[in-house]
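Residue numbers (our numbering): 9 to 162.
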């Protein structure tokens with residue numbers, strides 16, 4: 009296993025312009041499309057942290073606060089907030105931006121759990137998270153509580 013890594017080192021930014029093929033007949037982007045993008049962003053952050061391939065093992069509640077429309081630029085920011093032995097949690101923030109006006113709306117926050125895999129597809133140890141800032145420490149405490157709830161609900 010390698011040395012500790014910061015949450016900041018795992019941070020990933022993705023953006024995609026929402027097109028008609030991403031939406032329903034009313035111009036709202038399908039929730040499943042946003043969930044796919046969230047999973048990709050979370051997986052990339054975890055791959056960056058663990059430096060190995062990962063699989064999604066859990067998705068916490070996913071609340072759609074505001075609709076995302078055709079023509080919006082969806083901006084996703086993901087980073088690792090918690091690490092266990094082979095698992096890690098990624099927090100993914102979703103922002104919808106009107107590229108003409110620049111108006112931004114926070115539409116989603118999701119928490120997903122991934123497991124790092126070795127070359128044989130088995131869980132492998134991952135680097136621990138170095139808590140660099142007070143914000144990192146607070147997010148880690150909340151992430152640990154979510155992890156404890158997930159384990160209790162198995």
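Positions of the beta carbon are idealized from the N, C-alpha and C atoms, including for glycine. Keep in mind the model is a prediction, meaning the values are calculated, not measured.
Please report the distance separating the alpha-carbon of residue 120 from that of residue 47.
One C-alpha to the other measures close to 8 Å.
Could you tell me the distance, in whole angstroms, from the CA atom of residue 34 to the CA atom of residue 140?
Between residue 34 and residue 140, the C-alpha separation is close to 44 Å.
Taking only the alpha-carbon atoms, compute the straight-line gap between residue 122 and residue 154 and give it to the nearest angstrom.
Looking at the two C-alpha atoms, the distance is approximately 14 Å.
Short of 6 Å in beta carbon distance, which residues of its chain neighbour residue 15, apart from the five on each side in sequence? Order them along the chain.
Result list for residue 15: 87, 88 and 144, in chain order.
Quick test of your reading: residue 19 and residue 85, contact by CB under 8 Å. State the CB separation rounded to the nearest angstrom.
Their Cβ separation, rounded to whole angstroms, is 7 Å, which keeps residue 19 and residue 85 in contact under 8 Å.
As a quick exercise: from 133, 127, 55 and 75, pick the residue whose alpha carbon is nearest that of residue 114.
Closest by alpha carbon: 75.
Do you know offhand how far residue 28's Cα is from residue 37's?
Cα-Cα distance, rounded: 8 Å.
Which residues does DSSP list as the beta-bridge partners of residue 124?
According to DSSP, which records beta bridges pairwise, residue 124 is partnered with 62.
Ignoring anything shorter than 4 residues, give me the alpha helix (DSSP H) runs that lie fully in the region 66 to 139, in order along the chain.
Whole alpha helix (DSSP H) segments, 4+ residues: zero.
Quick check: what's the CA-CA separation for residue 134 versus residue 103?
Using only the alpha carbons, I get a separation of about 29 Å.
Taking the alpha helix (DSSP H) that residue 185 falls in, what are its first and last residues?
The chain is shown only over 9 to 162; residue 185 falls outside these bounds and no answer can be derived.
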